[in-house]
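In the UniProt record's numbering, the protein residues as written are 1 to 701.
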């Protein structure tokens, strides 16, 4: 068995302890591990000056009252001492000095406790503790404790596979401090030997959180299909904690940079400051994401250096990779080479486009055998960003060429041949026509008619063939020689593999190939949308992460993003600015995604779009009006006149008008100018339709 990773339960905190930590239900986005729910309603909140001043005043009053009591001005002590013999207080032959001190301290306690309890209630001392003291002392201890626990590998995942991206509650497998075994569901079903073995693995530290999540998910499948029980028991008895291991044989990632809770499927992104601008139920909590939120897709916007990759994208990629090892998700993460999405060993497939050492290739046609489907997806990638070109006509032009090519050769054309065909090279077209005629296929006649139609349309001025050829030429470069191969000699990856719990990283070309990288981003997004919707098995969540979605958003992509949540899938799109999205699609994009993140450093133009998306809220405002003060007698007015003569300031009176008005939750100016570095404002939506208002969060804490 591989050595236990240092971040897995069993290092500094055991898996058994992690399983017993409570995870109460909470609002979307709240880190549930060890969460303490707040009161249903926010208590009356006063400003810090009034709170601290009132607390100090209550303390001074309590000390004054205590001084009056001890000095006899309030004869409470005398009355209390009169209830007991004098020898108890002052000692005697039969009373020790210790007994006398104990008696006197008890008398003082009888008075001090209620006195300071009343003073604390009047001075709001508990609120002072929560707002100013706990975060400096007790809060630090709790944070350290939680960090140690999370560093131990985070809790194991829930015991049921999520449906449509929802995170299921632990339900019947929830553990408490008095549980006699760690697998009560298995034991309750009569599989005592398997339950004993799994419990021993937990207690011996040979099982980590990924193992627990994986085996628990398999048991939930047994509960749904009892005929699988025998296989479950045989696998557990033969492999123990390594039962049902991922096809890669990996039971953990080589390292972790974020804090994960596989029991709930959450990854912690940061903390929510206890400030008035945040919703009451979120103040002082930790912020987390999970598949139930990512199923509505997420858009993160922030300039370079704002922390999108390190503080949002990388933690999400890591948690989805962990859940893939538990058999619960499928992940495709794409970004520029060296963007920091994770080491090669954390993925099953690593495609380094343009790098000669890449072990895998990318299927340009998405793994389909249908020419029309392949043409539609490829046309979206090639010309979807061109407002002057109709993607449907482009798809027709492509289908008129790749359909006959597949009929003649049994495969789709590679990039060089596709470019020649789109360019209308006579030799290439003649060779394809001859191949179709000699193939003897029953579809040869239809293929020839398609070629005839392509030749007729290519003479039109508005034919998209030339633009398609120019775009394909971006991939027909020496750097990509050997890639996008259709001969079967390479190891191409297609989105069809998302039927399984696979972890894929795609390194897009960057330097010198920016346009090709953008084209490939559109291709990946189009292929992902088409393939996840066609999956037969949607039990596990599928996610596409684009660390740089510059110019990848098209009108078709926006429509498809809205449909992903019904397919138990979602995308994470990271942008430096909304200027990388066509202006007519910016509002639609924010409406299509359920989770929106604005990083510190955005400009006011980007902030304006988010401000409109988050809408307005009713707030109370105070208008203060200053008017000259003319009231009073002759002496009073004379004194005011002398003061105005020397100070230059006339006496005024104030009138306060309180109104309820609508105000933007976060204005464009607030987002552009008031966000501290390392912070973000985000809103979340679950697949069930639950929404959160904008939340200010400190990322990475």
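Note that CB positions come from ideal geometry on N, CA and C, so glycine has one too.
For residue 494, the closest alpha carbon among the candidates 351, 106, 420 is that of 351.
Note that the region 442-462 does not touch the region 503-518; fewer than 3 beta-carbon pairs, one per stretch, sit closer than 8 Å.
Between the beta-carbon of residue 626 and that of residue 654 there is about 6 Å, and that keeps the pair under the 8 Å contact cut. Under the DSSP assignment, residue 409 falls in the alpha helix (DSSP H) whose first and last residues are 391-409. Under the 10 Å beta carbon count, residue 461 is surrounded by fewer than 16 other beta carbons and is classified as exposed. Boundaries of the beta strand (DSSP E) harbouring residue 350: 349-352, taken from the DSSP string. Here the alpha carbons of residue 501 and residue 251 stand approximately 13 Å from one another.
Secondary-structure assignment with DSSP links residue 574 through a beta bridge to 300. Note: residue 334 is bridge-paired with 506, 546 in the DSSP secondary-structure output.
Straight-line measurement puts the Cα of residue 52 at about 35 Å from the Cα of residue 648. Burial of residue 685 is indicated by the presence of at least 16 other C-beta atoms within 10 angstroms of its C-beta. Listed as beta-bridge partners of residue 111 by DSSP are no residues whatsoever.
Listed in chain order, the beta strand (DSSP E) runs fully inside the region 345-387 are 349-352, counting runs of at least 3 residues.
Leaving aside the five residues that flank residue 660 on each side, the residues in its chain whose CB is nearer than 6 Å to its CB run, in chain order, 618, 620.
In the three-state scheme derived from DSSP, where H, G and I count as helix and E and B as strand, residue 437 is classed as helix.
Distance check between residue 287 and each of 260, 591, 301 places 260 closest, using alpha-carbon atoms only. Residue 272 sits away from residue 264, with the two beta carbons spaced by 7 Å or more. Contact between residue 609 and residue 585 fails: their C-beta atoms lie close to 11 Å from each other, not under 8 Å. Under the 8 Å Cβ criterion, the region 456-474 counts as touching the region 409-420, having at least three qualifying pairs.
Sequence-distant Cβ neighbours of residue 389 in its own chain, meaning closer than 8 Å and more than five residues away, are 383, 464, 467. Residue 688 and residue 328 have their C-alpha atoms roughly 19 Å apart.
According to the DSSP assignment, residue 586 belongs to the alpha helix (DSSP H) that extends over 583-592. Take the alpha-carbon of residue 645 and the one of residue 639: they are about 10 Å apart. In the DSSP assignment, no residue is bridged to residue 29. Taking C-alpha positions only, residue 699 is separated from residue 314 by approximately 12 Å. DSSP, reduced to helix, strand and coil, places residue 132 within a helical segment of the structure shown. Here the alpha carbon of residue 548 sits roughly 8 Å from the alpha carbon of residue 576.
The criterion of a C-beta distance shorter than 7 Å is not satisfied by residue 568 and residue 672. Collapsing the DSSP output to three states places residue 192 in a helix. Residue 657 sits away from residue 628, with the two beta carbons spaced by 7 Å or more. Remark: C-beta atoms of residue 241 and residue 191 do not approach each other more closely than 7 Å. Excluding five sequence positions before and after residue 193, the CB atoms of its chain that fall closer than 7 Å to its own CB belong to 237, given in chain order.
Residue environment analysis places residue 318 among the buried positions, since at least 16 neighbouring C-beta atoms fall within 10 angstroms of its C-beta.
Across the structure, residue 574 and residue 562 are spaced so that their CA atoms are roughly 17 Å apart.
The beta carbon of residue 28 sits closer than 7 Å to the beta carbons of 293, 684, 686, 690, 692 from its chain, once the five residues preceding and following it are set aside; these are given in chain order. Excluding five sequence positions before and after residue 340, the CB atoms of its chain that fall closer than 8 Å to its own CB belong to 309, 310, 314, given in chain order.
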